[in-house]
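Asks: Chains as they are written, first to last, in the numbering used here: chain A, 1324 to 1878; chain B, 1324 to 1878.
Beta carbons: idealized from backbone N, C-alpha and C, even for Gly.
Number of protein chains: 2
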Amino acid sequence: MIKTNATAAVISKNSRTQLVADRETLMRIFIRPESDASRQTLVKYMDQILFGLHEFLTRHVGVTQEISLKELSTRFTDTVISQHPEKKLADVITDLIENIAPHAVNVASPYFVGHMTSALPFFMVHLKTIVAALNQNVIKLETSKVVSVIEKQVLAKIHRMIFQKDDAFYLEHVQNPHTTLGCFVEDGTLANTSALWVARNSLLAPKDGFHGVEAEGTAAAFRAYGIKRLVVLVSRLGHYSLRKACGVLGIGNQNLIPIDVDANNRMDLSHLRENIDKLQADRRKTRILAVIGIAGTTETGSVDPLHPIADICHEYGIHFHVDAAWGGPVLMSEKYRHLLSGIQQADSVTIDGHKQFYMPMTCGMVYFNSPNLPDAIEYNAGYVIRQGSVDLGRKSLSGSREANSLILDSTLKIMGTRGYGLLIEHGIDTAHEFAEEIKQRSLFELMTSPELNILTYRINPPCIRQQMAHASDSATVILNEQLNTITRKVQQLQREAGKSFVSRTTLRNNGDDGSERVVFRCVIMNPLTTISILREILDEQEDIYNRIDSYPEPS
Amino acid sequence: MIKTNATAAVISKNSRTQLVADRETLMRIFIRPESDASRQTLVKYMDQILFGLHEFLTRHVGVTQEISLKELSTRFTDTVISQHPEKKLADVITDLIENIAPHAVNVASPYFVGHMTSALPFFMVHLKTIVAALNQNVIKLETSKVVSVIEKQVLAKIHRMIFQKDDAFYLEHVQNPHTTLGCFVEDGTLANTSALWVARNSLLAPKDGFHGVEAEGTAAAFRAYGIKRLVVLVSRLGHYSLRKACGVLGIGNQNLIPIDVDANNRMDLSHLRENIDKLQADRRKTRILAVIGIAGTTETGSVDPLHPIADICHEYGIHFHVDAAWGGPVLMSEKYRHLLSGIQQADSVTIDGHKQFYMPMTCGMVYFNSPNLPDAIEYNAGYVIRQGSVDLGRKSLSGSREANSLILDSTLKIMGTRGYGLLIEHGIDTAHEFAEEIKQRSLFELMTSPELNILTYRINPPCIRQQMAHASDSATVILNEQLNTITRKVQQLQREAGKSFVSRTTLRNNGDDGSERVVFRCVIMNPLTTISILREILDEQEDIYNRIDSYPEPS
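#1: Please identify, using Cβ separations under 7 Å, the residues of the segment 1663-1696 of chain A that lie next to chain B, in order along the chain.
#2: If you drop the 5 nearest sequence neighbours on each side, which residues of the same chain put their C-beta closer than 6 Å to that of B:Leu1380?
#3: B:Thr1908 to B:Thr1621, Cα distance in whole Å?
#4: Which residues of chain A have a Cβ atom closer than 7 Å to the Cβ of B:Asp1401, listed in chain order?
#5: With distances taken from CA atoms, which of B:Lys1480, B:Ile1580 and B:Leu1572 is nearest B:Val1554?
#6: Distance cutoff 7 Å, beta carbons only. Does B:Leu1745 sit that close to anything in chain A?
#7: Throw me the rounded Cβ distance for the B:Leu1663 and B:Pro1628 pair, which I believe falls under 8 Å.
#8: Can you give me, in chain order, the residues of the segment 1755-1777 of chain A that have a beta carbon less than 9 Å from any beta carbon in chain B?
#9: Pull up the CB-CB distance for B:Ile1674 and B:Ala1633, whole angstroms please, since I reckon it's below 8 Å.
#10: Between the segment 1433-1446 of chain A and the segment 1348-1355 of chain B, do three or more beta carbon pairs fall short of 8 Å?
#11: With C-beta atoms as the reference, is B:Gln1459 less than 7 Å away from B:Ser1467?
#12: Quick one: does B:Arg1610 have its CB under 7 Å from some CB of chain A?
#13: Please report the distance separating the alpha-carbon of A:Ala1798 from that of B:His1449.
#14: Does the beta-carbon of A:Glu1495 have 16 or more other beta-carbons within 10 angstroms, so that it is buried, or is it exposed?
#15: Please report the Cβ distance between A:Ala1479 and B:Thr1402, rounded to the nearest whole angstrom; I am assuming they are in contact, meaning their Cβ atoms lie under 8 Å.
#16: Span of the alpha helix (DSSP H) holding A:Met1688?
#17: Go through the segment 1485-1531 of chain A residue by residue and report every complete run of the beta strand (DSSP E) that reaches 3 residues or more, in order.
#18: Buried or exposed: B:Ile1801, going by 16 or more other Cβ atoms within 10 Å of its Cβ?
#19: In chain order, which continuous runs of the beta strand (DSSP E) of length 3 or greater are located wholly inside the segment 1560-1638 of chain A?
#20: Taking Cβ to Cβ, would you say A:Ala1282 is nearer than 7 Å to A:Val1508?
#21: Taking C-beta to C-beta, are A:Thr1829 and A:Glu1839 nearer than 7 Å?
#22: Any idea what DSSP makes of A:Val1713, helix, strand or coil?
#23: Which same chain residues end up closer than 6 Å to A:Gly1573 when comparing Cβ atoms and leaving out the 5 residues on each side of it in sequence?
#24: Could you tell me which chain A residues have their CB closer than 7 Å to the CB of B:Trp1649, listed as they occur along the chain?
#25: Is there a Cβ of chain A sitting closer than 7 Å to that of B:Asn1458, yes or no?
#26: Which residues, in order along the segment 1509-1528 of chain A, keep a beta-carbon less than 7 Å from a beta-carbon of chain B?
#27: Suppose you measure from the CA of B:Leu1373 to the CA of B:Thr1852; what does that come to, to the nearest Å?
#28: With A:Arg1840 as the anchor, note down where its beta strand (DSSP E) starts and where it stops.
#29: Using a C-beta cutoff of 7 Å, does B:Phe1353 count as contacting chain A?
#30: Using 7 Å as the threshold, is the C-beta distance between B:Asn1783 and B:Glu1768 below it?
#31: Name the residues in the segment 1551-1584 of chain B whose C-beta lies less than 9 Å from a C-beta of chain A; which are they?
#32: Is the shortest distance between the beta-carbon of A:Thr1621 and the beta-carbons of chain B less than 7 Å?
#33: Measuring only the C-alpha atoms, how far is A:Ser1878 from A:Ile1871?
#34: Exposed or buried, what is B:Pro1850 when buried is set at 16 or more other beta-carbons lying within 10 Å of its beta-carbon?
#35: B:Arg1741 touches chain A at which residues, Cβ-Cβ below 7 Å?
#36: Using only CA atoms, which one of B:Asn1598, B:Arg1741 and B:Thr1364 lies nearest to A:Leu1349?
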């Protein structure tokens, strides 16, 4: 065992208890709580978390900020790891819950409608606890065994939800070690990166003595294929992770070409075709790597016309990727799945588990229409992932991975598609109701109607609205700036008040003419968020606005 | 609320209970267990996991495989997500623990010494549970608040452990929103990728109308800089993730140049210098992106001579990255930290939390000597990560991220450097004892002595050993093949017996002359793994060998 002289674990020194790391203490806290008192503390908090999560969060965690970031920063400036334990285990846990959690953000509050993070079904925490306890590493069969098999099954289930192939297809691939229906990754950014990585390697594949882009790099690949650049096309509402993916992959983020959107924030098909034709005309120099459709834009929740985009991609032979990080689970709602029609024609699809599958942070996934496509990213290594094995790390951006597939597999059994469908329908239906409510209040202007469960609006008081109706272009710009200032201020004051949280973003007109509109952005995914809570949020915004209006602004 | 007619939750049908998803049932299971009976089941298992983790795993999880993968595969071929819930929550949890966990791998067993995954201190599961319950998303201050501040503090602590800058440095940077000491990523693969991404963008930075490699891509960057390829140098024992990183980043994985190792499996410095000189001579065509030193190779646990490599990199002005995914925490042992001397001169360092910090799957980290270096990978987006903000997603490969920093921060307080030091010293000391034991047994040959807590050995019975001493080159090749077959077979049979697990890998001689030696690989990190357990493992291997030897091999 550990070769250290055991010393007394706790030395009383000047009436202050000092903790010392030694073999005995270490073994004790490695295996179990130090004492009965310590065990009681842990039992109390774990019981609160596991069986009263919502009450626990309401009691312990602030919705937003009670204390300024600046002040908080000054409290955490200790940069030395202490040699001996600073605190007993139970005291660290108590500190975490009593002193630190209150300054976290209660993303589970029904008044927190600002981001794509929300309440979890309480059992998600149980499932995560089990996954942590088993501590399997899915990179390799030898450290995961049954989890690898379950992961392949759950990947097949989601693949089927998206692509709807027949029984024979899934029978062939569900447990086939040579094919890959999809892959778990850390988040949507890495899912999008994985999809473009696969597309890049497939397009610039080995040929005539050239060993492929993965082996020789993009510059050599461009020489072998006689091209000067690769481009990726996506609506101007595409997530920033796509720029990052192009940067990482050596394509260059300025080669992500933004396509205009229509009045409903969906990709403008004629502008897409126009761009493709222009780029194809320059085919000797430029090659289109992929067109990306979005199923649920981050800012407005709009869904691109996937079916027509798929047809265009098919016509030109271009990889069609769908970023359904947000919208994917809408496929489980009978009422709304038609909104994603065409997704089954995609070559690859991104879906996030920690968004509308309501899984804990984080779980990204990428799916491939053709289960041989990911062969383009295969790596093997004798000590960890062997050729021809079931080791799931063979075709994956990351190496070591947590067994999140166990959580998704269990949850699908507990919820069924109908359970998820109800959550999705609650969000979209409530968003529609909320949009009507906004339209009826004279202080607000609905900026983007909800297609899914996201909408944007801003403050536009009748006095300014009337002026805008008759203003010149330059006067409109100035009035717009005024509205931006007001909306920005109200959002900030509401956040600081700490009762509720609506996020804000800046919408741009097509063509980047410089006209920017600051808006409130509301994401409705928490089943506890009701229309009456949303009315309260509007009441509070009206109230804040009225107070600003009547008093001079704080400097 | 959700707009569905509530129907009876449980419909009895042909004596079989059928579950139906409806609004009421959904809300109930979203918030709390369905019934007292269900609650009791959850309480029972959660109590076993949280307060009797080691007994729980011993009772519920097999060390390796009782059932063949093939048979297991046939049980998981259901590819349809059922419309209504398949099982009640309590039944899903029971199934997970009683029927699925037994086919996972008990990586916590002291007899599991095959991979870099081991027992966790029991409180890690508590910490993971708290992190899951809070469900913060560290991409952005608005969804993490205090966690962002704590993360910056713990990054500074580990940075200080590695780079040992002075108080003024850490005071300036610990909570500075404009600088970045390090970043949490999913795992070591993505940490290495992040480091090379930063190095790539720094080397091929914007200049004279060129907007930088991140914006324009590698091919355009090569044109702007007048070069034909980038190369990365690492010992031939470098982790496969480095090949993958070069592939992903558009550099090309064949541009990862393997440097020979010496008799102790450490990078051969003269071969390194020779390669650098040759490549520098071709400077108009080739540029060296980075030299990578390894602090704990995956196969043999050896540590490259970091100090001299740092000096060489400094001399030539080359980015020096250290892959300390495995060995980094050795810095917390007073007895052994000298083995990593020179790491403080690195430009970037990878460390894994789920390896020798004993954190649950997964937690990779990358650190930068200069806190401005990561500016080269900055991204902003109005709706999520704002320029100049504390949003930690601004300089990071992934987007959404789990609050793993809370686990590391808490654990450092509970363990202290001395607590971790004791774990590290147990592993290395025990590995040395084990090496002596192997040397004393005539059946075995120690192939690589432990520098850290990893060693390799193989079966080499006296009869073959004597023949080898006098054999010609070609005869040696044949004898070697025989040894490979024997070691491979014994490893397989021991794994299948299910009592213990030692992994195997294939060591190659310098220069890839084709001579491959199959070896057992033993990783000693579990504080419960004692020398007497390791002796039992050798006894079992001797026993298996004797049985194979005396009977015809199974076909």
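Replies: According to the data block:
#1: His1677, Pro1683, Met1684 and Thr1685
#2: Asn1429 and Ala1431
#3: Given that chain B is displayed from residue 1324 to residue 1878, the structure contains no residue 1908 of chain B and the question cannot be resolved.
#4: Gln1476
#5: B:Ile1580
#6: yes
#7: No, B:Leu1663 and B:Pro1628 are not in contact; Cβ-Cβ is about 11 Å, not under 8 Å.
#8: none
#9: About 17 Å; that fails the 8 Å criterion.
#10: yes
#11: yes
#12: no
#13: 59 Å
#14: exposed
#15: 4 Å
#16: No alpha helix (DSSP H) contains A:Met1688, which is instead part of the beta strand (DSSP E) from Gly1687 to Phe1691.
#17: 1505-1508
#18: exposed
#19: 1579-1582 and 1609-1617
#20: The requested residue 1282 of chain A does not occur in the structure, where chain A is confined to residues 1324 to 1878.
#21: yes
#22: coil
#23: Thr1541
#24: In chain order: nothing, as chain A lies at least about 12 Å away.
#25: yes
#26: Glu1509, Asp1510, Gly1511, Thr1512, Leu1513 and Trp1520
#27: 22 Å
#28: Glu1839 to Val1846
#29: yes
#30: yes
#31: Lys1551, Arg1552, Leu1553, His1562, Tyr1563, Ser1564, Arg1566, Lys1567, Cys1569, Gly1570, Val1571, Leu1572, Gly1573, Ile1574, Gly1575, Asn1576, Gln1577 and Asn1578
#32: yes
#33: Confidence at A:Ser1878 is low in this model, with a pLDDT of 34, below 50, so the placement of that residue is unreliable and no value is reported for it.
#34: buried
#35: Ala1344, Gln1406 and His1407
#36: B:Arg1741
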